[in-house]
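Participant: Please see the structure below; I have some questions.
There are 2 protein chains.
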Amino acid sequence: MSVSVHILDTSKSSPSSGRAAVSENRLLAALPAEDLKRLQPHLEPFSLVAGRVVMEEGEPVEWVIFPTSGLISLLVRLSDGRAVEASAIGREGMAGLPAFLGGTLSPLQGISQVKGGAFRLSAARLRRETLPGSALRALVERYTNGLLAAAAQSLACIRFHRVEERCARWLLVTHDSVRENTFELTHEFLANMLGVRRAGVSEAVGALSDRGVIRSVRGHFTIANRAGLEAASCECYRVVRQEMDAVVGLGGGDVGSLLRQRGL
Amino acid sequence: MSVSVHILDTSKSSPSSGRAAVSENRLLAALPAEDLKRLQPHLEPFSLVAGRVVMEEGEPVEWVIFPTSGLISLLVRLSDGRAVEASAIGREGMAGLPAFLGGTLSPLQGISQVKGGAFRLSAARLRRETLPGSALRALVERYTNGLLAAAAQSLACIRFHRVEERCARWLLVTHDSVRENTFELTHEFLANMLGVRRAGVSEAVGALSDRGVIRSVRGHFTIANRAGLEAASCECYRVVRQEMDAVVGLGGGDVGSLLRQRGL
DNA sequence: GACCCTCCGTACGCTACCGGACGCGACGGC
DNA sequence: GCCGTCGCGTCCGGTAGCGTACGGAGGGTC
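The listed protein sequences derive, respectively, from chains L and D. Just so we're aligned: the first sequence equals residues 722 to 985 in the working numbering. Just so we're aligned: the second sequence equals residues 722 to 985 in the working numbering.
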């Protein structure tokens, strides 16, 4: 069998190499230079450890987190213990929106799913910095809008798309944030995120492996053929990515403006 | 802690009797008297006609709508035409959030699902009235927070709960907004909302009818046993309702503070 | 080297729901 | 009163995913 290569690219500012730049988070990078400069002293480097709970359901939101290379999954949990990921917050986003929206407690559980870097900002400081008319406020508002649209898309996704497609989508999102072709992830973790059986993930992963787009061995995933993986995923990956691109200003568009590209 | 009371009493200001009061929308009712008074001249009565599209996907959001007795369903549509309801906006809410969040175009399609009354406010006026520090801004921010939480709950709901439970939940939400024990609704419409087959709805409705909690004949639904219907629905109804109660100040709590009541 | 634990491949019966279809009764137009 | 349409009850074969379980391979520990 093939041996997975752990580091495929360390050319520039690799996420795992020491200090990450604030601008690696695309939301922060979208701020005007002077705004970011003013914010920077309050942004504290924060390490995302795989599997750790960074935000507890029902607990106060004391920090908002801007991932630079890791990934935070927000989980909804039902009373019987079953759970599913509501949203994955990567380097295009920010975890802890309730702090901005006048809620003090988090309705969701946040788990840092794949190890990586991030910056965090205290909720109090966020409120102080999102002054009326500030670029940060406008940006976070647009991001909220995008997140709502993304949640709606995920709703349709979870209803209509098959495990294999959703699995591919999830791996793509992770790949985007991690920016390494290999990352650590068990089938069981992924199953928890997708809200399906572990065995279901194994089957889906097996099918994707057979097609040669990924490799998966004992807690490690390798993206072997990115384009193929995109083809195997559902449209939701593309739709949400375009929405988020619009939020950070790529294409200069609006969330809604992209809907026509869905092929309707 | 205060207890919320369901008002089924139609003695005065019945939804169907002529002019509805602005305060029948619970979001507007939560505003301080002077704020509401200032807003009132700009609130224009708007009639919700069953089945009409009030907000088109990808079109500019020119109005935000505050239902007083009707119900607006926000639909996500996939490129293959399949659709599912992302959220139902009743009299505890407001449709058109993107106008507030810096988006100009609507990512979702809004359909007024059950006929009823509403007030609408131009998007431009909303932006002018949601001044920093205003009660309206704070309220809409909290509402946004609640809507995100509700969307997350619906995500888990659509993943784990059966058609019959989701069907019961939908009827309860409708009942809350319509405040009449009988309303017009076809199985096919309901199927579109839930994202399932028409036949699937017929089966679920049949089961609920057999238990005597509802009656359904040719385009009409009657709630026969409200408590029984609540027992037949999934926990999501209660969870989302409590979240929305928190938004409008009932119980004075926070969205997250209610999560512990889920029985975890 | 012996052991154990984690992780994963696979298999089996089962259930909810799908897609499609047919027929019947209610209702409205003429 | 007749007929077309609409809404609904029901049925059937098909299937994606479930719950459960078992065994085997990788990797750490002593």
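Note that the Cβ used here is the ideal one computed from N, Cα and C, for glycine as well.
For Gln874/L, count neighbouring Cβ atoms within 10 angstroms of its own Cβ and tell me buried if that reaches 16, exposed if not.
Facilitator: On the first sequence, position 153 is the one that residue 874/L refers to. By the 10 Å Cβ count, Gln874/L comes out buried.
Participant: Roughly how many angstroms separate the alpha carbons of Pro762/L and Thr907/D, rounded to a whole number?
Facilitator: Taking the first residue of the first sequence as 1, we reach residue 762/L at position 41. Taking the first residue of the second sequence as 1, we reach residue 907/D at position 186. Their backbone Cα atoms lie some 58 Å apart in a straight line.
Participant: Please report whether the beta-carbon of Phe688/D lies at a distance below 8 Å from any beta-carbon of chain L.
Facilitator: Nothing can be reported for residue 688/D: it is not among the residues displayed for chain D, which extend from 722 to 985.
Participant: On the CB-based measure, 16 or more other CB atoms within 10 Å of its CB, does Gly927/L come out buried or exposed?
Facilitator: Within the first sequence, residue 927/L is the residue found at index 206, counting from 1. Gly927/L comes out exposed.
Participant: Taking only beta-carbon positions, decide if Ala873/D is within less than 8 Å of chain L.
Facilitator: Indexing the second sequence from 1 puts residue 873/D at position 152. So, interface residue.
Participant: Would you give the residue range spanned by the alpha helix (DSSP H) that Met965/D belongs to?
Facilitator: Translated into positions along the second sequence, residue 965/D becomes position 244. Looking at the DSSP string, the run of the alpha helix (DSSP H) that includes Met965/D is 956-968.
Participant: Please name the residue, chosen from Asp931/D, Ser930/D, Ala912/D, that lies closest to Val922/D on a Cα-to-Cα basis.
Facilitator: Your numbering for residue 922/D matches position 201 in the second sequence. Among Asp931/D, Ser930/D, Ala912/D, the Cα nearest to that of Val922/D is on Ala912/D.
Participant: Return the chain-ordered ranges of every beta strand (DSSP E) run that is complete within the region 750-833 of chain L and spans a minimum of 3 residues.
Facilitator: Listed in chain order, they are 765-769, 773-776, 784-788, 792-798, 804-810.
Participant: Beta carbon of Val835/D, beta carbon of Thr895/D: below 8 Å?
Facilitator: The residue you call residue 835/D lines up with position 114 of the second sequence. The residue you call residue 895/D lines up with position 174 of the second sequence. Yes, these two residues count as a Cβ contact at 8 Å.
Participant: Near Ser738/D, which residues of its chain fall below 7 Å by C-beta distance, leaving aside the five closest residues on each side in sequence?
Facilitator: Locating residue 738/D in the second sequence gives position 17, where the first residue counts as 1. With a pLDDT of only 44 at Ser738/D, under 50, the local geometry of the prediction cannot be trusted, and the value read off the model is given with reservation. Nothing meets the Cβ criterion.
Participant: Starting from the beta carbon of Ala807/D, find every residue of chain L whose beta carbon is closer than 7 Å, and list them in chain order.
Facilitator: The residue labelled residue 807/D in the question sits at position 86 within the second sequence. Within chain L, the residues near Ala807/D are Ala873, Leu876.
Participant: Output the boundary residues of the beta strand (DSSP E) element that contains Val938/D.
Facilitator: As a first step, residue 938/D must be located in the second sequence, where it is residue number 217. Looking at the DSSP string, the run of the beta strand (DSSP E) that includes Val938/D is 935-938.
Participant: Using a C-beta to C-beta distance shorter than 8 Å, which residues of chain L count as neighbours of Ala859/D?
Facilitator: Position 138 of the second sequence, counting from 1, holds the residue named residue 859/D. Near Ala859/D (Cβ distances below 8 Å), the residues of chain L are Gly823.
Participant: In terms of residue numbering, what span does the beta strand (DSSP E) encompassing Ala742/L cover?
Facilitator: Indexing the first sequence from 1 puts residue 742/L at position 21. Segment: none, Ala742/L is in no beta strand (DSSP E) and carries neither H nor E.
Participant: Just checking: is the beta-carbon of Arg887/L within a distance shorter than 8 Å of some beta-carbon in chain D?
Facilitator: On the first sequence, position 166 is the one that residue 887/L refers to. Chain D contact via Cβ: absent.
Participant: Let me make sure I understand the geometry here. Which of Arg812/D, His882/D, Arg883/D has the alpha-carbon closest to that of Arg900/D?
Facilitator: The sequence position of residue 900/D within the second sequence is 179, counting from 1. Closest by alpha carbon: Arg812/D.
Participant: Between which two residues does the alpha helix (DSSP H) holding Arg841/D run?
Facilitator: Numbered from 1 along the second sequence, position 120 holds the residue referred to as residue 841/D. Not the alpha helix (DSSP H): Arg841/D falls in the beta strand (DSSP E), residues 837-843.
Participant: Can a CB atom of chain L be found closer than 8 Å to the CB of Val969/D?
Facilitator: On the second sequence, position 248 is the one that residue 969/D refers to. It does not: the Cβ of Val969/D has no partner Cβ on chain L nearer than 8 Å.
Participant: Please classify Asp966/D: is it buried, with 16 or more other beta-carbons within 10 angstroms of its beta-carbon, or exposed?
Facilitator: Stepping through the second sequence from its first residue, residue 966/D is reached at position 245. Asp966/D should be labelled buried.
Participant: Measure the alpha-carbon distance for Glu886/L versus Gly791/L and round it to whole angstroms.
Facilitator: Against the first sequence, residue 886/L aligns to sequence position 165. Against the first sequence, residue 791/L aligns to sequence position 70. C-alpha separation (whole angstroms): 22 Å.
Participant: Flag Leu980/D as yes if its beta-carbon sits less than 8 Å from any beta-carbon of chain L, otherwise no.
Facilitator: Looking up residue 980/D in the second sequence gives position 259. Reliability of the predicted coordinates at Leu980/D is poor, the pLDDT of 44 falling under 50, and the value obtained from them is presented with this limitation in mind. Output row for Leu980/D: interface = yes.
Participant: DSSP beta-bridge partners for Thr714/D?
Facilitator: Summary: the structure shown does not reach residue 714/D, with chain D confined to residues 722 through 985, and so no result is reported for it.
Participant: Out of Ala871/L, Thr825/L, Leu876/L, state which residue places its alpha-carbon closest to the alpha-carbon of Ser843/L.
Facilitator: Translated into the one-based positions of the first sequence, residue 843/L becomes position 122. Per the Cα distances, Thr825/L.
Participant: Under a CB-based cut-off of 8 Å, is Ser800/L close to chain D?
Facilitator: To locate residue 800/L, count along the first sequence from 1; it is residue 79. Yes, Ser800/L lies at the interface with chain D (some Cβ there is under 8 Å from its Cβ).
Participant: Taking the alpha carbon of Phe787/L as the point to measure from, which residue in Gly831/L, Ser930/L, Val960/L, Ala925/L has its own alpha carbon closest?
Facilitator: Within the first sequence, numbered from 1, the residue matching residue 787/L stands at position 66. Per the Cα distances, Gly831/L.
Participant: Would you check if the distance between the CB atom of Ala877/D and the CB atom of Val797/L is smaller than 8 Å?
Facilitator: Your numbering for residue 877/D matches position 156 in the second sequence. Your numbering for residue 797/L matches position 76 in the first sequence. In contact: Ala877/D and Val797/L (Cβ atoms closer than 8 Å).
Participant: Quick check: the Cα distance between Gly867/L and Gly933/D, rounded to an integer number of angstroms?
Facilitator: As a position in the first sequence, residue 867/L is number 146, starting the count at 1. As a position in the second sequence, residue 933/D is number 212, starting the count at 1. Those two C-alpha atoms are separated by around 42 Å.
Participant: Let's see if you can read the secondary structure: which residues bound the alpha helix (DSSP H) around Arg883/L?
Facilitator: Against the first sequence, residue 883/L aligns to sequence position 162. Per DSSP, Arg883/L belongs to no alpha helix (DSSP H) and is neither H nor E.
Participant: So with CB distances below 9 Å, who are the chain D contacts of Leu764/L?
Facilitator: Here residue 764/L is taken as the residue at index 43 of the first sequence, counted from 1. Simply none; closest approach about 23 Å.
Participant: Using a Cβ-Cβ distance cut-off of 8 Å, determine whether Glu956/D contacts chain L.
Facilitator: For the purposes of this step, residue 956/D is taken as the residue at position 235 of the second sequence. So yes, Glu956/D belongs to the interface.
Participant: Using a beta-carbon distance cut-off of less than 8 Å, what residues from the region 896-930 of chain D approach chain L?
Facilitator: Answer set for the region 896-930 of chain D: Gly916.
Participant: With Gly921/D as the anchor, note down where its alpha helix (DSSP H) starts and where it stops.
Facilitator: What you label residue 921/D is simply residue 200 of the second sequence in a count that begins at 1. That run of the alpha helix (DSSP H) goes 919-931.
Participant: Could you please give the first and the last residue of the uninterrupted alpha helix (DSSP H) stretch that includes Leu915/D?
Facilitator: Residue numbering aside, residue 915/D sits at position 194 when the second sequence is read from its first letter. Start and end: 908-915.
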